[in-house]
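A.B. asks: Here it is, the structure in full.
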Amino acid sequence: MAKTASVVLTQNLSDTQRTTSSNHSTNDDAIPTIDYSMLICSNDPDQQLKALQYLAYVCEEYGFFYLVNHGVPDSVIERALNGISDFFDLTEEEKMDYEKKDSTDRIRWGLGFSPGDHEAVKREYLKVLPHPKFQGPAKPSGFREALEDYYQRDREVIINLAKAVSKTLGFEENYLEKEFELETGADVSAMNVYPPGFKPNTQIGLPAHYDPGYLVSLVQNVNGGLQLNYKQKWINVDMPSNALFINIGDHVEVLTNGKYKSPMHRVILNNEVRRVSVATVHGPSLDTFVKPAPEFVGESHPPAYRGMIYKDSLEANGYHEIDGKSCIAQLRL
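As structure tokens, then:
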């Protein structure tokens, strides 16, 4: 591990934030589970209809869920996570080949520091833009292939989920695919490693934020750290074995004029071991103009968001740099 990445985080929560944090659930009972096999693969029309109805409820009420029976082999996920861990274990000199020079770089490595303290690392990250054309680091050996294998399988699941979400909105299954021009969709895979936390619930690994895109998927090596804000309460994400974590992205919230909402979430350093994760933001084509669709706008539901080209919304947000801003905050009217 590079020495700069092993520095312990010193940023602490404020008293107000700590009070809010201590009010989080001790379990994740509020996080629903969606069975992908019933939703996508079932040959029973009644079963599939019930699965779609439940997905509609979950998207509107929560905006996030665990996805089980998704078909991505455990070995593929494990290989990708091991590769990510091995990348972060490269020497600092090796990782500097991918040091962030511009927010639009297709491969970029960097360190997240505590505000005002550039000695205290709160996370180390690697971001790649895997679609429309996959690119990944050449080191360590086999990592690029492992990451691409996981990404391609993950994207297939997400495209099928987008079809199901389209149906829950009352449209044909390729509605989101057409609206967001997903054939040339711009995806971002963000890999993070968080150091162990020594004072549970007092150290922030990643500040509270929202995600751009239409759907976001996440896998991780250990549970703990990730929290969601649900009904003004922080709840822990304790993923079932072999599950993916999915949340609605900002641009589905915009398209549906707030019917389906993008959830706020954060990471707290409360693990005894380092946490490795990969979150993939699946986005529209960069040139897609996203605005509230006419079907979700009316006299009693005026547009709640302004339209913007997807690329412009990313640029306005520093291409998903986490700095307290978010795409959705800039788009709300």
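Heads up, the sequence shown is in UniProt numbering, so the first residue is 1 and it goes up one at a time. Idealized CB from N, CA, C, for every residue including glycine.
Can the beta-carbon of L90 be found closer than 8 Å to that of P130?
C.D. replies: For the purposes of this step, residue 90 is taken as the residue at position 90 of the sequence shown. For the purposes of this step, residue 130 is taken as the residue at position 130 of the sequence shown. No, the Cβ-Cβ distance between L90 and P130 is not below 8 Å.
A.B. asks: Out of curiosity, what's the CA-to-CA distance linking S189 and Q135?
C.D. replies: Taking the sequence shown and counting its residues from 1, one reaches residue 189 at position 189. Taking the sequence shown and counting its residues from 1, one reaches residue 135 at position 135. Near 11 Å, if we compare the C-alpha coordinates of Q135 and S189.
A.B. asks: Tell me where the alpha helix (DSSP H) around V76 begins and ends.
C.D. replies: For the purposes of this step, residue 76 is identified with residue 76 of the sequence shown, where counting begins at 1. Note, V76: alpha helix (DSSP H), 74 to 88.
A.B. asks: With DSSP run on the structure shown, which of helix, strand or coil describes V273?
C.D. replies: In the sequence shown, the residue the question calls residue 273 occupies position 273. Of the three classes helix, strand and coil, the one that applies to V273 here is coil, per DSSP.
A.B. asks: Are the CB atoms of N271 and F64 within a distance shorter than 8 Å?
C.D. replies: Your numbering for residue 64 matches position 64 in the sequence shown. Your numbering for residue 271 matches position 271 in the sequence shown. No.
A.B. asks: Using the Cα positions of L228 and M264, report the straight-line distance between them to the nearest angstrom.
C.D. replies: As a working mapping, residue 228 is identified with position 228 in the sequence shown. As a working mapping, residue 264 is identified with position 264 in the sequence shown. One C-alpha to the other measures close to 6 Å.
A.B. asks: How many Å lie between L206 and A162 at the Cα?
C.D. replies: Against the sequence shown, residue 206 aligns to sequence position 206. Against the sequence shown, residue 162 aligns to sequence position 162. Cα-Cα distance, rounded: 27 Å.
A.B. asks: From V273 to G142, what distance separates their C-alpha atoms?
C.D. replies: Position 273 of the sequence shown, counted from the start, is the residue given in the question as residue 273. Position 142 of the sequence shown, counted from the start, is the residue given in the question as residue 142. The straight-line gap from Cα to Cα measures roughly 24 Å.
A.B. asks: Look at I268 and L215 and say whether their C-beta atoms are less than 8 Å apart.
C.D. replies: Against the sequence shown, residue 268 aligns to sequence position 268. Against the sequence shown, residue 215 aligns to sequence position 215. Cβ distance not < 8 Å, so I268 and L215 don't count as in contact.
A.B. asks: Return the Cβ separation of G110 and K100 in integer angstroms, given the expectation that the two are a contact with Cβ distance under 8 Å.
C.D. replies: What you label residue 110 is simply residue 110 of the sequence shown in a count that begins at 1. What you label residue 100 is simply residue 100 of the sequence shown in a count that begins at 1. 4 Å between Cβ atoms; contact.
A.B. asks: Tell me which residue opens and which closes the beta strand (DSSP E) that I268 is part of.
C.D. replies: Along the sequence shown, read from residue 1 onward, the residue named residue 268 stands at position 268. Start and end: 265 to 268.
A.B. asks: If you compare alpha carbons, which of G83, S85, R144, D149 is closest to P73?
C.D. replies: On the sequence shown, residue 73 is found 73 positions in, with the first residue counted as 1. Among G83, S85, R144, D149, the Cα nearest to that of P73 belongs to D149.
A.B. asks: List the whole-angstrom C-beta distance separating D287 from S217, where the pair is believed to meet the contact cut-off of C-beta under 8 Å.
C.D. replies: Position 287 of the sequence shown, counting from 1, holds the residue named residue 287. Position 217 of the sequence shown, counting from 1, holds the residue named residue 217. No, D287 and S217 are not in contact; Cβ-Cβ is about 23 Å, not under 8 Å.
A.B. asks: Does DSSP classify Q227 as helix, strand or coil?
C.D. replies: Here residue 227 is taken as the residue at index 227 of the sequence shown, counted from 1. It is a strand residue.
A.B. asks: Would you kindly check if the distance between the Cβ of G213 and the Cβ of L147 is under 8 Å?
C.D. replies: Counting from one through the sequence shown, the residue named residue 147 turns up at place 147. Counting from one through the sequence shown, the residue named residue 213 turns up at place 213. Not closer than 8 Å, so no.
A.B. asks: Could you give the DSSP three-state label for Q232: helix, strand or coil?
C.D. replies: Translated into positions along the sequence shown, residue 232 becomes position 232. Reduced to three states, the DSSP call for Q232 is coil.
A.B. asks: Just mark D97 as buried or exposed, buried being the case when its beta carbon has 16 or more other beta carbons within 10 Å.
C.D. replies: Reading the sequence shown from its first residue, position 97 is the one you call residue 97. Answer is exposed; the Cβ neighbour count stays below 16.
A.B. asks: Which residues bound the alpha helix (DSSP H) around I328?
C.D. replies: Locating residue 328 in the sequence shown gives position 328, where the first residue counts as 1. It spans 327 to 331 - the alpha helix (DSSP H) in which I328 sits, taken as one unbroken run.
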